[in-house]
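Engineer: Quick one: this structure, given as structure tokens, is what I'll be asking you about.
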Amino acid sequence: MIEIRQLAKTFIAPGTGGPRFTLKRPAPRIVQAVKQVDLVAEDGRVTGLLGPNGAGKTTTLRMLAGLLQPDAGRLHVDGIDVATRPRDALARMGLLSDARGLYPRLTARENIVYYGRLQGMPRDAADARASELARLLDMTPLLDRRTDGFSQGERMKTALARALIHDPPNIVLDEPTNGLDVLATRALRDTLRFLRTAEGGRKCIVFSTHIMQEVERLCDTVVIVAHGRTVASGTVDELLAQTGQRDFEEAFVQLAFAEDLARHETTHEDAA
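For what it's worth, this note's numbering labels the leading residue of the sequence shown as 24, then goes sequentially.
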């Protein structure tokens with residue numbers, strides 16, 4: 024189980040704009056990337072983190088992975104506080120980021136086994152697990168090929184196997200279908216459906232995306248974030264009922280862009 028409560032993160036960016044040649048340094052710009060994100064992801068379910076680009080999804084997942092320190096809020100993985108016990112929390116997660124980061128000179132097997140060794144697995148156990156995952160992900164012919172020149176789908180499979188090498192109970196995927204073709208996307212969905220079942224280990228899966236069709240087809244629970252805040256959560260049917268919509272895209276727009284729509288209406292009324 025993954026639990027995120029009242030999460031917040033602010034960045035200070037260098038100032039921009041102003042005259043090109045000046046001795047005066049422009050004032051820094053404060054960017055509040057995450058203001059208040061709440062999420063609870065349970066075992067045996069796929070929880071979708073859905074929001075437009077710039078909503079704070081990736082920043083939230085980077086804090087969950089221990090790459091960034093939150094300014095406020097709590098992150099727990101199976102009851103383990105990420106802030107105070109980051110290594111223990113990471114050991115219980117498999118992370119698939121948008122930057123797949125494979126070593127191109129290594130084979131797929133070597134990439135996967137290397138991460139198993141980093142997780143403390145004996146080499147023989149890591150190698151056996153890599154072969155098992157290759158069968159699950161239908162990538163056995165790729166195992167002993169160097170990853171240099173792999174297609175996006177082949178890279179995704181290798182990165183996913185790498186994330187699963189230590190059989191973590193929690194899986195976190197950040198925009199995993201970016202750049203994938205239809206067949207690779209379907210294969211990923213089928214794998215995640217299997218992993219949430221009893222046979223697949225009843226994994227807790229957090230799936231970040233901005234693609235509504237992926238959420239409708241895969242996610243058991245949806246958490247919608249916009250402008251750094253959680254604005255709604257529930258099943259697809261519950262969110263449709265909440266908004267009175269039949270089309271999930273319309274429901275998403277109504278929930279995620281409520282502030283923008285209200286501001287536009289106010290501006291339009293003032294202009295009139």
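We put the CB at the ideal spot given by N, CA and C, even for glycine.
No experiment lies behind these values; they were computed from the predicted model shown.
With 16 as the cutoff for other CB atoms within 10 Å, does Ile27 come out buried or exposed?
Structural biologist: Locating residue 27 in the sequence shown gives position 4, where the first residue counts as 1. The residue in question, Ile27, is buried, as its Cβ has 16 or more Cβ neighbours within 10 Å.
Engineer: Would you call Gly124 buried or exposed, if buried means 16 or more other Cβ atoms sit within 10 Å of its Cβ?
Structural biologist: Mapped onto the sequence shown, residue 124 falls at position 101. Exposed, because fewer than 16 other Cβ atoms sit within 10 Å of the Cβ of Gly124.
Engineer: Express the C-alpha separation of Pro93 and Met162 in angstroms, rounding to a whole number.
Structural biologist: The count along the sequence shown starts at 1 and reaches residue 162 at position 139. The count along the sequence shown starts at 1 and reaches residue 93 at position 70. Between Met162 and Pro93, the C-alpha separation is close to 37 angstroms.
Engineer: Following the continuous beta strand (DSSP E) through Ala255, name the residue where it begins and the one where it ends.
Structural biologist: As a first step, residue 255 is located in the sequence shown; it is residue number 232 there, counting from the start. Note, Ala255: beta strand (DSSP E), Arg252 to Gly257.
Engineer: For Pro109, which residues from the same chain have a beta carbon less than 7 angstroms from its beta carbon, with the 5 sequence-adjacent residues on both sides left out?
Structural biologist: Taking the sequence shown and counting its residues from 1, the one referred to as residue 109 is at position 86. Gly89.
Engineer: Are the Cβ atoms of Ile194 and Gly139 separated by less than 7 angstroms?
Structural biologist: The residue you call residue 194 lines up with position 171 of the sequence shown. The residue you call residue 139 lines up with position 116 of the sequence shown. No.
Engineer: Hey, how far is the Cα of Val57 from the Cα of Val254?
Structural biologist: The residue given as residue 57 occupies position 34 in the sequence shown. The residue given as residue 254 occupies position 231 in the sequence shown. Each residue's alpha carbon lies about 12 angstroms from the other.
Engineer: Can you pull the DSSP bridge partners for Arg380?
Structural biologist: The structure shown does not extend to residue 380, since the chain spans only 24 to 295, so no value can be given for it.
Engineer: DSSP three-state call for Arg269: helix, strand or coil?
Structural biologist: Taking the sequence shown and counting its residues from 1, one reaches residue 269 at position 246. Coil.
Engineer: What is the DSSP secondary structure of Phe34, reduced to helix, strand or coil?
Structural biologist: Here residue 34 refers to the residue found at position 11 when the sequence shown is read from its first residue. Three-state result, Phe34: strand.
Engineer: Using the Cα positions of Pro75 and Ala249, report the straight-line distance between them to the nearest angstrom.
Structural biologist: In the sequence shown, the residue the question calls residue 75 occupies position 52. In the sequence shown, the residue the question calls residue 249 occupies position 226. Going from the Cα of Pro75 to the Cα of Ala249 covers about 7 angstroms.
Engineer: Excluding five sequence neighbours on each side, which residues of the same chain lie with their C-beta closer than 7 angstroms to the C-beta of Leu160?
Structural biologist: Taking the sequence shown and counting its residues from 1, the one referred to as residue 160 is at position 137. Hits under 7 angstroms: Lys180, Leu183, Ala184 and Thr214.
Engineer: Does the beta-carbon distance from Arg168 to Thr130 come in below 7 angstroms?
Structural biologist: Here the question's residue 168 lines up with position 145 in the sequence shown. Here the question's residue 130 lines up with position 107 in the sequence shown. Yes, the pair counts as a contact, with Cβ atoms nearer than the cut-off.
Engineer: Could you say if the segment 76-83 and the segment 149-156 meet the contact criterion of at least three C-beta pairs nearer than 8 angstroms?
Structural biologist: Short answer: they don't touch.
Engineer: Taking Arg219 as part of the beta strand (DSSP E), name the residues at either end of that continuous run.
Structural biologist: Within the sequence shown, residue 219 is the residue found at index 196, counting from 1. Segment: none, Arg219 is in no beta strand (DSSP E) and carries neither H nor E.
Engineer: Of the choices Asp111, Cys242 and Asp147, whose alpha-carbon is the least far from that of Thr232?
Structural biologist: Translated into the one-based positions of the sequence shown, residue 232 becomes position 209. For the residues Asp111, Cys242 and Asp147, the minimum Cα distance to Thr232 belongs to Cys242.
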